[in-house]
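Have a look at the structure below before the remarks.
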Amino acid sequence: MIPNRRLSQKSSFTTFLLIVAVSVILSFSGISINLTNNINAQAQEQQQVEQTQVNKLWETPANLKDPESVAYESKQQVLFVSNINGQPDQKDQNGFISKVSPSNGSIIELNWITTLNAPKGIAISNDNSILYVADITDLVQIDIDSGKIIKRFNAPGSSFLNDVVADNQGNIYVSDTDTNTIYKLDTNLGNNTSSSDIQAWLQNPQLNGPNGLHIDNNKNKLIVVSFGPLSKPGGGIEVIDMKNKTITSLGEQGTTSPFGGLDGIESDTSNTHYYVTDNPAGKVYVVNADETGYQTLVDLHTQGAADLGSIPGQSTIIIPLMQDNKLVAYKLVE
Ligand SMILES: [Ca+2]
Ligand SMILES: [Ca+2]
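Each residue of the sequence shown is one higher than the one before, starting from 10 at the first, in the numbering used here.
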């Protein structure tokens, strides 16, 4: 009994040493892999920092109220801004849409559309006639010329509708951050659209708190930037094939693609770069759509960089600063 026990103690000790040795080797190689990744990521960032820079154009007066999203309408040449005004999930009826000048950031009409709750994402129909706004559980349809609300579509099962985007056929997609759902309003059904026409189009935990939406019409892809859980921000970028609804991650989060409380997404006209905001970090990233890297484009040094807008053809991005109650615009310089 005793010699056997000694033997087994000895062999246990040897096994223990072996485990320690293996763990040490593994952790060192892990560290070296991480170091290599970090160096690669920094090299990729540095390589591109020289390529895209920004010049600040203007900022609005701080008269907005928790601005969340901004969209450019090319016919009237005006910016529409959604103002949450209070808690983002509260039906308090004080939310509103403002009109802002894209040339100098002056506020044209602060209370253009009122009686909303906590309006967030905005999309404009392809013929510039209708504004769609996500408002907690409803997609609100607004006639731009008359400034009147036409209809509210209740998205069944939704609780935190966030961004809105139109495809080139005029269908509208809306993200619901809480429930990992993308809703679709089918506008090809003519004028007989009713509340039942907005339906869940895709629901999947992989969407990880879907926030900003962008469509690459040439590739037929819906690009989703994720916030992560509302209580613990941390998400990346997902690419959805609009035909078969398969989801793939864009690049590697934190290395070739950003990771954070991502909010808005825009692109350049050729869809080779995405401009993505990290809300809590207060940053705008430029991301290579071909998954080769990203860089910090603007560090706003404030929290609450929400759903940015862009002016196509003018290389201009406009960022709502929710906590600062204003918009800030930058020109991209290649
Ligand atoms: Ca409100
Ligand atoms: Ca958003």
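C-beta atoms are modelled at their ideal positions from N, C-alpha and C, and glycine is treated no differently.
Strand pairing of residue i, partner residues [DSSP]
i    : result
W67  : A338
A314 : L330
L125 : G104
I249 : L231 and I256
G95  : Per DSSP, none; premise fails for G95.
E118 : K108
T325 : I320 and K340
E82  : V87
D277 : Answer by DSSP bridge pairing: none, since D277 is not bridged.
F268 : In the DSSP output, where bridge partners are listed per residue, F268 has none listed.
G221 : V234
Nearest candidate by alpha-carbon position, reference residue i, set the options
i    : options                   : result
A290 : G270, S235 and D152       : G270
G245 : G218, D225 and I133       : G218
P267 : P111, P242 and S324       : P242
N189 : N72, G179, N177 and E247  : E247
N197 : G130, K230, Y81 and A175  : A175
K74  : G313, I326, N137 and E343 : G313
P111 : T278, V90 and Y284        : V90
I249 : T305, I232, K340 and D316 : I232
V337 : T305, V293 and G95        : V293
K228 : V234, M251 and Y283       : M251
V142 : G114, N113 and I93        : I93
I153 : L194, I117, E82 and L211  : E82
L119 : G156, N213, T278 and N64  : G156
I145 : I139, I151, S138 and R161 : R161
Y182 : K335, W210, N163 and D136 : W210
G95  : K340, Q332 and Y339       : Q332
N226 : Q212, D277, G104 and S324 : D277
Neighbourhood of residue i by C-beta distance below 6 Å, restricted to the same chain and skipping five residues each side
i    : result
V87  : K108
V31  : Since pLDDT at V31 reaches only 40, below the 50 mark, its modelled position is unreliable, and no value is offered.
I224 : V174, D176 and L231
V234 : N220, G221, I246, L271, I274 and V285
L309 : G291
A80  : F89, I131, I133 and G318
H282 : V295
Cβ neighbours of residue i in the same chain (closer than 7 Å, five flanking residues each side left out)
i    : result
T45  : Reliability of the predicted coordinates at T45 is poor, the pLDDT of 43 falling under 50, and no value is obtained from them.
T186 : F169, N171, G218, P219, N220, F236 and L239
Beta-carbon proximity list for residue i, same chain, < 8 Å, skipping 5 on both sides
i    : result
T311 : G291, L330, Q332 and D333
Any contact of the region 291 to 300 with the region 246 to 266, i.e. 3+ C-beta pairs under 8 Å?
-> Cβ pair count under 8 Å is three or more, so yes.
- Query: Would you say the region 84 to 99 touches the region 125 to 139, given that touching needs at least three Cβ pairs under 8 Å?
  - Reply: Cβ pair count under 8 Å is three or more, so yes.
Would you check if there are 3 or more beta carbon pairs closer than 8 Å linking the region 128 to 144 to the region 63 to 70?
-> Result no; under three Cβ-Cβ pairs closer than 8 Å.
Note to self: Using only Cβ atoms and a threshold of 6 Å, which residues come within that distance of a heavy atom of ligand 1? Order them by chain position.
What the structure shows: Cβ-based neighbours of ligand 1 within the cut-off: I93, N94, G95, Q99, D101, N103, G104, N126 and A127.
List in chain order the residues whose CB is within less than 7 Å of at least one heavy atom of ligand 2. The set, ordered by position in the chain, is E77, S78, K129, G130, N171, D172, N220, G221, D272, G273, A315 and D316.
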